[in-house]
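Asks: Numbering of the sequence shown is given in the numbering used here, commencing with residue 99 and proceeding in unit increments. Note that CB positions come from ideal geometry on N, CA and C, so glycine has one too.
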Amino acid sequence: MQNPPGPSQTPEQPRPGDPRVVAVVVAHERRELLLQALDALAAQTRRPDALVVVDNASTDGSPAAVRGWAAVHPELPVDLVPLERNTGGAGGFAAGAARALRRHEPDLLWLMDDDTVPRPTALARALAARAALDGPAGPPAVVASAVVWGDGRAHPMNTPRPRPRPAPGEREAAAAAGCVPIRSASFVAMLVDAAAVRADGLPQAGYFLWNDDFEFSTRLLRHRRGVFAPASVVEHRTRVFGGTDADPGERFVWEVRNKVWLFTRDRTLDARDGALYGGATLRRWVRTVARSPRRALLLRGLADGLAQGLGGPPPPTAQVLAGLGEVSRDVLAVEAAAGRPLGTAAAALPVPQAEPADGGLPPFSVLLPVWAGDDPGQARRAVRSVTLEQELRPAEVVLVRDGPVPPALAALLAELAAPGAPDTGGVPVRLVPLARNVGLARALEAGLVACAHDVVARMDADDVSLPQRFARQLPLVAAGADLVGSGLLEIGEDEHDVVGRRTPPVGAQRIASYARFHDPFNHPTVVYRRSAVAAAGGYRDLPLMEDYWLFARMIAAGARAENLPEPLVLYRVGPAAAGGAYARRGGVRLWRSEVLLQAHLRREGFTSSAQALRNVAVRGGYRFVPLPVRRALYRRFIAARGAASSVPGASDG
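1) Check whether the region 594-613 and the region 557-564 touch, using three or more Cβ-Cβ pairs below 8 Å as the test.
2) Measuring alpha carbon to alpha carbon, tell me which of E692, L546, P641 and R129 ends up nearest V625.
3) Can you list, in chain order, the stretches of the alpha helix (DSSP H) that have 4 or more residues and sit fully within the region 225-305?
4) Report the rounded CA-to-CA distance for A506 versus R670, giving the unit in angstroms.
5) Smallest Cα separation from L404: which of R478, V358 and P526?
6) Take D211 as the anchor and find which of V151, G598, P414 and P237 has the nearest alpha-carbon.
7) Buried or exposed for L408, going by 16 or more other Cβ atoms inside 10 Å?
8) Helix, strand or coil for V418 per DSSP?
9) In the DSSP assignment, what residue or residues form a beta bridge with G583?
10) Indicate whether G236 and L694 have their beta-carbon atoms separated by less than 8 Å.
11) Which first and last residues belong to the beta strand (DSSP E) in which N154 is found?
12) I want to know whether the region 237-246 touches the region 288-302 - three or more CB-CB distances under 8 Å.
13) Can you say whether A369 is buried or exposed, counting buried as having 16 or more other CB atoms within 10 angstroms of its CB?
14) For R128, which of N154, A303, V122 and R200 has the nearest alpha-carbon?
15) What does V562 pair with, by DSSP beta-bridge criteria?
16) With 16 as the cutoff for other CB atoms within 10 Å, does L419 come out buried or exposed?
17) Closest Cβ-Cβ distance between L466 and chain D: below 8 Å?
18) What whole-angstrom Cβ distance do A569 and E489 have, given they're in contact under 8 Å?
19) Which residue wins for smallest C-alpha separation from A630, given the options A579, G583, P254 and L466?
20) Does the separation of the CB atoms of G304 and P391 fall below 8 Å?
21) Are A555 and F462 touching if we call contact CB-CB under 8 Å?
22) Taking L174 as the reference, give the member of A141, D158, S691 and R200 with the closest Cα.
23) Is the region 323-330 touching the region 380-390, taking contact as three or more C-beta pairs under 8 Å?
24) In this structure, does DSSP put F462 in helix, strand or coil?
25) Helix, strand or coil for T214 per DSSP?
26) Alpha carbon to alpha carbon, what distance is there between S243 and A401?
27) Look at the Cβ atom of V124, then the Cβ atom of G166, and state whether they are nearer than 8 Å.
28) Tell me, please, which residues DSSP counts as bridged to Y626.
29) Rounded to a whole number of angstroms, what is the C-alpha to C-alpha distance between R638 and E203?
30) Does at least one heavy atom of the ligand SAM sit under 7 Å from the Cβ of A436?
31) Report the CB separation of A634 from A655 in whole angstroms; it is logged as a contact under 8 Å.
32) Measuring alpha carbon to alpha carbon, tell me which of A550, D158, P258 and P301 ends up nearest P492.
33) Who are the Cβ neighbours of D116 in its own chain at under 7 Å, not counting the five residues just before and after it?
34) When we look at the beta-carbon of R223 and count the other beta-carbons within 10 Å, is it buried (16 or more) or exposed?
35) With H, G and I counted as helix, E and B as strand and the rest as coil, what does DSSP make of E588?
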């Protein structure tokens with residue numbers, strides 16, 4: 099076991115802007131090894147911000163030992179998740195990742211088994227490698243540590259597989275940071291981007307044991323970068339030193355079944371990678387059987403595994419982990435937001451209320467996020483405009499407080515959420531407080547979960563909805579639309595100072611065509627069905643582009659979309675001298691988001707290669723033109739016409 103850090107290894111304090119890291123440890127019947135792993139986590143020179151320990155129904159006193167350890171280590175907050183049944187490594191990591199994502203707001207997940215003992219600098223060096231490779235496309239989605247046995251030899255069981263065909267320059271960039279591009283990694287110290295897990299879903303709990311980490315990591319890395327960072331070292335304290343071709347005994351059936359699922363059902367590998375790794379798998383199976391003194395047992399496992407794997411796909415993770423209380427609810431929420439299959443667990447999703455309201459229109463919620471930078475006076479005005487002043491009032495307003503806010507804004511939120519608040523016209527207001535600022539996409543996802551109704555209207559805390567807004571939009575939703583936007587008027591600091599107008603495309607065909615180049619909706623104006631948002635995978639992290647990405651996926655998934663050309667929202671762009679909303683639409687950060695967006699849209703088949711290249715060149719170039727020119731171009735060619743042109747618009751994220 100590693101000693102605690104000495105004077106030269108004083109734990110670093112996270113700095114503003116540092117990623118929030120939540121470690122997830124899965125344990126089963128290895129109490130002493132688990133405690134060694136926890137000691138090593140507490141001894142990190144850069145400790146995790148929180149720790150989730152999933153106990154897979156151990157009978158050796160592990161849960162009590164974790165509680166006792168946590169009581170004397172307040173420096174590392176521990177969330178113990180005891181499971182009523184053994185769900186295997188796959189189920190344990192799915193449950194732990196879901197708990198971390200839903201309860202601890204991580205930027206990164208650090209996944210490891212209970213027999214993994216990281217050396218004191220393991221996390222710090224993995225984070226340093228990730229930061230060194232943070233380029234235009236963002237940092238790597240996965241960083242794998244070097245795994246050694248107790249005597250210091252590289253552990254053959256946990257060798258990351260190099261990426262066979264890295265992108266041009268990828269190998270050189272990784273080498274400059276002391277890393278190697280990889281295609282897969284193991285659950286022995288895998289540092290994972292939480293946004294990637296939110297987008298692609300949890301590990302496949304149906305795998306139980308074997309290849310669950312291979313499936314999960316290759317799924318995340320099919321269209322993302324991953325690296326092996328040799329400077330980050332962990333010990334894998336297995337009882338014997340050996341690789342994956344060691345005699346697995348009765349467990350061989352899971353190895354075969356899961357590999358068959360991986361190569362024939364889950365499609366995390368393209369054809370070339372599948373052929374490469376499939377051939378390696380067959381060679382390893384031959385070696386394993388040839389070396390085993392129990393060949394008959396392994397051959398039976400081979401036959402059973404092939405039969406199970408070819409007999410049907412793995413059951414959905416949410417279905418496998420049903421019946422576990424809060425754990426099941428966390429898993430279901432993460433998998434539903436990622437658009438993953440839910441199986442029979444789908445029946446546990448909240449049933450939206452569908453009773454008719456005024457004039458046969460469906461009841462609806464207003465979803466309004468607030469953060470520390472919002473002005474209390476403008477936020478009060480925004481709430482009044484969607485409640486007291488509306489011709490058709492919502493059934494509720496859900497205010498999402500995205501992290502701590504100044505005292506004046508906190509007092510306003512408490513006032514608005516109080517029963518009988520005068521500015522709400524009797525419409526109930528519910529406050530959803532988030533412990534830290536998580537950004538618009540994740541705040542909206544938290545708010546959607548809290549909404550009581552399937553129909554949800556978006557609103558921002560610095561805008562104003564005109565009185566007829568909902569009375570004009572809700573009839574279109576009642577008639578079958580899944581997504582309805584409108585035009586808007588741009589205003590300065592004073593809502594009577596109208597400085598521009600945005601007119602969106604109208605008609606499903608024109609909207610779909612327009613969406614290949616521009617965001618066809620003004621985000622603060624939309625009303626949508628929460629079920630249609632979930633079916634498209636929900637909001638995903640992409641700064642100032644999360645709405646465009648969502649709407650494109652909704653259109654691709656068959657959502658019925660419409661726009662009203664008339665302006666129904668006053669959109670505050672701010673004072674012209676400061677650039678207002680247009681100032682946020684330029685610069686390297688937005689260019690990076692633009693490149694990522696176009697990569698996503700191309701991979702998902704929403705745009706062609708030619709369209710993606712055009713968009714990167716034109717929309718990306720737009721991010722670097724001077725602010726006055728950017729504002730003039732947008733208003734002249736996009737906002738007023740709602741038609742495709744050669745000049746890109748900005749998303750209203």
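Replies: Looking at the coordinates:
1) no
2) L546
3) 268-274 and 292-298
4) 21 Å
5) V358
6) V151
7) exposed
8) helix
9) N661
10) yes
11) A148 to N154
12) yes
13) exposed
14) N154
15) L668
16) buried
17) In the structure shown, chain D does not exist; there is a single protein chain.
18) 4 Å
19) A579
20) no
21) yes
22) A141
23) no
24) strand
25) strand
26) 35 Å
27) no
28) V554 and L581
29) 14 Å
30) Only the bare structure without any ligand can be found here, which leaves the ligand SAM out of the picture.
31) 5 Å
32) A550
33) none
34) buried
35) strand
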